Amino acid sequence: MEIHEFYIPSSSGLANLHCMEWIPNGEVKAVVQIAHGMMEHVGRYRESAEFLAGHGIYVLGNDHLGHGKTAAAEEDRGYFGDHAGAVSVIRDMRRVTVHAQRKYPGVPIFLLGHSMGSFFARRYLTVYKDGIDGVILLGTGAPKDAEVRFGYMLADSVCKRKGTRYRSKMLYNLSLGNYNRKFKPTKTPYDWLSRDEKRDRAFGDDPLTNFIFTAGAYRDFFEVILKTAKLEKAGKMRTDLPILILSGSKDPVGEETKGVRRVYDRYDKAGVEDLSIGFYEGARHELLNELNREQVSGDILEWIEEHENNK
55 MEIHEFYIPS SSGLANLHCM EWIPNGEVKA VVQIAHGMME HVGRYRESAE FLAGHGIYVL
115 GNDHLGHGKT AAAEEDRGYF GDHAGAVSVI RDMRRVTVHA QRKYPGVPIF LLGHSMGSFF
175 ARRYLTVYKD GIDGVILLGT GAPKDAEVRF GYMLADSVCK RKGTRYRSKM LYNLSLGNYN
235 RKFKPTKTPY DWLSRDEKRD RAFGDDPLTN FIFTAGAYRD FFEVILKTAK LEKAGKMRTD
295 LPILILSGSK DPVGEETKGV RRVYDRYDKA GVEDLSIGFY EGARHELLNE LNREQVSGDI
355 LEWIEEHENN K
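Numbering (my numbering), first residue to last: 55 to 365.
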């Protein structure tokens, strides 16, 4: 296996996208494109990527705008851009898809989105009608429209008063601040991520993860959630793709399965032809860093192998 890091221009014109790829030895039978979550980076997926690459799957992904090594300066962390930043994130994901298509033409591509990345992956399905042959959603959810709309209006107000780069603890607490309370007594500020204390502490110690989103990025992300929900409910998305939804039964982002089931129901009503859902008892938000992460990676591999010849 070979592991490479490289850069491609962002569609925003604001940055170069830091990308990583894991190239298998021998024939490549499938591609997995990773869309990572909020306040993290694609390098955190190394273990799962190496596992998949060891089974003939080419894995690649980019650090989104404002994340990881794509954010060249500290002030750029958690910042998508002044205008339509989330649009740039989706277009950047498309550029990574095209990179994979050119590298391995004709090989099926599966888009794996975790947390924020799962919402971007779902938005991707409403924007592009080709290029992807299957979708894997981890740590996703379906927050109530009224709550998201309130968050959007609040973030927009902060942007107008303080600027799009302002970092608001209020917005942070609104979006993520309550998750850890469900796991008292806690050992770290990140117990909600997984049951593996070492992995939770590693998240807090990683210099590329510990930052607060800008008000502009929150506004953009809330808008993505609202638009995606509206289009999914209207059935305006690709329904011909196989979709796998996985979640921990104790994931607060998925409302301990309730929000995840709402996503499944939307897709089912929209007419998605091949739809699967699975829950891991006791698992929390980051399935690929959970105590049972090997089981999760194995289940993902099995699902891909069942669908890799459908292209």
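The beta carbon of each residue, even a glycine, is placed where N, CA and C say it ideally should be.
Bear in mind the structure is a predicted one, so any value in this text is a computation, not a measurement.
Practice prompt. Please report the residue range of the beta strand (DSSP E) in which W76 lies.
Written response: Boundaries of the beta strand (DSSP E) around W76: 70–77.
Worksheet item: Per DSSP, N116 is paired with what?
Response: C73
Worksheet item: What runs of the beta strand (DSSP E), each 3 residues or longer, lie entirely inside the segment 79–165?
Response: The qualifying runs are 84–89, 111–116.
Practice prompt. Assign G332 to one of two classes, buried (16 or more other C-beta atoms within 10 Å of its C-beta) or exposed (fewer than that).
Written response: exposed
Worksheet item: Comparing alpha-carbon positions, which option in M224, A324, S330 lies nearest G188?
Response: S330
Worksheet item: How is D328 classed by DSSP in three states: helix, strand or coil?
Response: strand
Item to complete: Assign S229 to one of three DSSP states: helix, strand, or coil.
Response: Under the three-state reduction of DSSP, S229 is assigned to helix.
Discussion item. On a Cα-Cα basis, can you pick out the residue from Y133, V143, I77 that is closest to P63?
Written reply: V143
Discussion item. If I follow the unbroken alpha helix (DSSP H) through L295, where does it start and stop?
Written reply: No alpha helix (DSSP H) contains L295, which DSSP labels as neither H nor E.
Worksheet item: Straight-line CA distance for Y158 to K183?
Response: 19 Å
Practice prompt. Tell me where the beta strand (DSSP E) around Y220 begins and ends.
Written response: Neither: Y220 is in no beta strand (DSSP E) and is coded neither H nor E.
Worksheet entry | Sub-9 Å separation of V150 and G122 beta-carbons | no
Worksheet item: Any idea what DSSP makes of Y178, helix, strand or coil?
Response: helix
Practice prompt. Just tell me which of F276, Y244, E56 has its CA closest to the CA of S110.
Written response: The sequence shown places Gly at residue 110, not Ser. Cα-wise, what sits closest to G110 is E56.
Item to complete: Measure the Cβ-Cβ separation of A271 and G120 and say whether it is below 9 Å.
Response: yes
Discussion item. Considering just the uninterrupted stretch of the alpha helix (DSSP H) at E251, what are its terminal residues?
Written reply: 251–259
Item to complete: Within its chain, find whatever has a CB closer than 7 Å to the CB of A84; leave out the 5 residues flanking it on each side and keep chain order.
Response: I111, V161, P162, F164, I358, E362
Discussion item. Please state the DSSP three-state secondary structure of F267.
Written reply: F267 falls in the coil class under three-state DSSP.
Worksheet item: Cβ of R273 within 9 Å of Cβ of Y206?
Response: yes
Worksheet item: Within the chosen definition, does the segment 261–269 reach the segment 220–238 through at least 3 CB pairs nearer than 8 Å?
Response: yes
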